[in-house]
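Residue numbers (the numbering used here): 30 to 414. Just so it is clear, CB atoms sit at the ideal spot from N, CA and C, and this is done for glycine as well. Worksheet: the structure to be examined is printed underneath.
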Amino acid sequence: MKKNLIVTAVATLAASFATAASAQSSVTLYGLVDAGLTYVNNVRNETGESAKASSFGVTSGNVNPSRWGLRGAEDLGGGMKAVFTLENGFNIANGTGDGRQFGRQAYVGLSTAQVGTLTLGRQNDAVADFLGPMSATGTWGGTYFAHPGDIDNLDGNAFRINNSVKFVSANYAGLTFAGAYGFSNSAGSFAANRAYSFGAGYANGPFKLGAAYTQANGFNSNTAGAITESVVSPIIAGAQQTARLRTFGAGGSFSTGPMTFGAVWTQTRSDNDSEVVADSSSIANNYEINGRYALTPALSLGAAYTFTYAKTEDPRAESRRVRRHQFGLQTDYALSKRTDIYAEGVVQIASGGGEGVYPAAGINGADTSSSSRQVLVTTGIRHRF
């Protein structure tokens, strides 16, 4: 009898320690795979702008880029915990990666419920964090609903900030704010490819508001710097190396029953587009409205419209102006809590121009159009784990 009591006590104590350890720390494996079939018309090919080819095939990340990651936390006591995230992106169609081990996110830091979270590593900017949730591309629409060239990075996929220190506040009666600074990591050249970003959001019941600003100096001028991706100009190629790239904007959303409405405005300024011509600059304004309606708990319909007005100013030539209208529709059906099938259609129409500018359409994620119009249709399956 005494032996049985001792065995029971030891087993109970061991279980208590295991439960405590489990409660104090955790590591979660998560991910998403998204693949489908996509048709795009008026695709530019090797023969030049006059060619009007079409493409059709298996594509990856039609709504959300495929990824897997590890997310963890450890309770340090006193309401503080250590947190980390490592996230890798890949192409499910051919199994290739983006050349980085954890290119989507890689950070570690400390967090408290009372103050907020401080992290260091490769992270999203405030525009993606606070304005993305008001847009179609940052929520239900995904890749093909991004604004032309994904120039404002609302979906967080155009670029992320390396070498960054980021603070995200706790929620204060619906108000949150954040700021990040990405170091150039260049000896003797502190400003060569550095970036900073800040924003704020407010949520009260069905209403949400957000505003944000991101600036990169010496954009992509230092391979070890804050931003090393190439961002395509919504007018002409050449915004990859600029003296300064600035994006700011504001947005809001409102939900009522099964319906959600969103609206967002962004402006991106690129100064001294040296790849185009020295001393030139470009400005792109994006105005978007979107809505989504849940017909049933499993079936939803979404629609979005974006008007883009972009211009390049060159002191030695006439201004170049391009207008783009983009319409997008999506239907999504949930087979389970983690698996859904979808169909999307996006149309983009461009007009305008100027010296050296051809107003070609260009849906994000697709090859540039050979004309001023482009149509994309996709259907696929998405699974989360």
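Grouping DSSP H, G and I as helix and E and B as strand, with all else coil, what is residue i?
i, result
"residue 268", "For residue 268, the pLDDT reaches just 48, beneath the cut-off of 50, and the residue's location in the model is therefore unreliable, although a value from the coordinates is still provided. Of the three classes helix, strand and coil, the one that applies to residue 268 here is coil, per DSSP."
"residue 337", "strand"
"residue 156", "helix"
"residue 161", "helix"
"residue 172", "helix"
"residue 184", "coil"
"residue 23", "Outside the displayed span of the chain (30 to 414) sits residue 23, for which this structure offers no information."
"residue 134", "strand"
"residue 377", "strand"
"residue 53", "helix"
"residue 366", "coil"
"residue 411", "strand"
"residue 219", "coil"
"residue 361", "strand"
"residue 148", "strand"
"residue 89", "strand"
"residue 281", "strand"
"residue 276", "strand"
"residue 205", "strand"
"residue 258", "coil"
"residue 394", "coil"
"residue 143", "coil"
"residue 125", "coil"
"residue 60", "strand"
"residue 406", "strand"
Here's a check: name, in chain order, each residue in its chain whose Cβ is nearer than 7 Å to the Cβ of residue i, leaving out the five neighbours to either side.
i, result
"residue 380", "352, 388, 401"
"residue 81", "71, 399, 400"
"residue 65", "88, 91, 407, 408, 409, 410"
"residue 203", "231, 232, 233"
"residue 175", "166, 183, 184, 393"
"residue 179", "186, 187, 393"
Ignore the nearest five residues each way along the sequence and tell me which others in residue i's own chain have a CB closer than 8 Å to its CB.
i, result
"residue 334", "317, 318, 319, 354, 355, 356, 357"
"residue 324", "287, 330"
"residue 83", "68, 69, 70, 71, 72"
Does the distance from the CB of residue i to the CB of residue j come in under 7 Å?
i, j, result
"residue 190", "residue 161", "no"
"residue 127", "residue 295", "no"
"residue 405", "residue 173", "yes"
"residue 155", "residue 226", "yes"
"residue 228", "residue 241", "yes"
"residue 250", "residue 221", "yes"
"residue 363", "residue 408", "no"
"residue 194", "residue 146", "no"
"residue 177", "residue 297", "no"
"residue 199", "residue 223", "no"
"residue 236", "residue 290", "no"
"residue 217", "residue 359", "no"
"residue 341", "residue 311", "yes"
Give every residue of the same chain whose Cβ lies closer than 6 Å to the Cβ of residue i, excluding the five residues on either side of it in the sequence, and list them in chain order.
i, result
"residue 54", "103"
"residue 238", "231, 281"
"residue 214", "192, 253"
"residue 118", "94, 96, 127, 132, 133"
"residue 416", "This structure does not reach residue 416, given that the chain is present from 30 up to 414, and the question cannot be answered."
"residue 159", "228, 230, 239, 241"
"residue 293", "160, 163, 164, 280, 317"
"residue 368", "412"
"residue 361", "329, 369, 371"
Measuring CA to CA, which of the options is closest to residue i?
i, options, result
"residue 247", "166, 299, 59", "299"
"residue 328", "192, 339, 370", "370"
"residue 69", "236, 91, 95", "91"
"residue 201", "150, 242, 144, 244", "144"
"residue 365", "86, 410, 258", "410"
"residue 85", "342, 396, 412", "396"
"residue 394", "74, 62, 89, 277", "89"
"residue 285", "243, 272, 130, 233", "233"
"residue 376", "414, 332, 368", "332"
"residue 167", "150, 149, 187, 235", "187"
"residue 115", "109, 138, 176, 372", "138"
"residue 106", "130, 224, 142, 414", "142"
"residue 153", "207, 108, 124", "207"
"residue 109", "83, 140, 125", "140"
"residue 123", "275, 62, 243, 278", "62"
"residue 349", "382, 321, 322, 378", "382"
"residue 149", "111, 390, 403, 378", "111"
"residue 113", "315, 129, 151", "151"
Mind checking whether the beta-carbon of residue i lies closer than 6 Å to any heavy atom of the ligand COA?
i, result
"residue 127", "In the structure on display, the ligand COA does not appear, and there are no ligands present to speak of."
(message) Check whether the region 94–110 and the region 56–67 touch, using three or more Cβ-Cβ pairs below 8 Å as the test.
(response) Of all C-beta pairs linking the region 94–110 to the region 56–67, three or more are shorter than 8 Å, placing the two stretches in contact.
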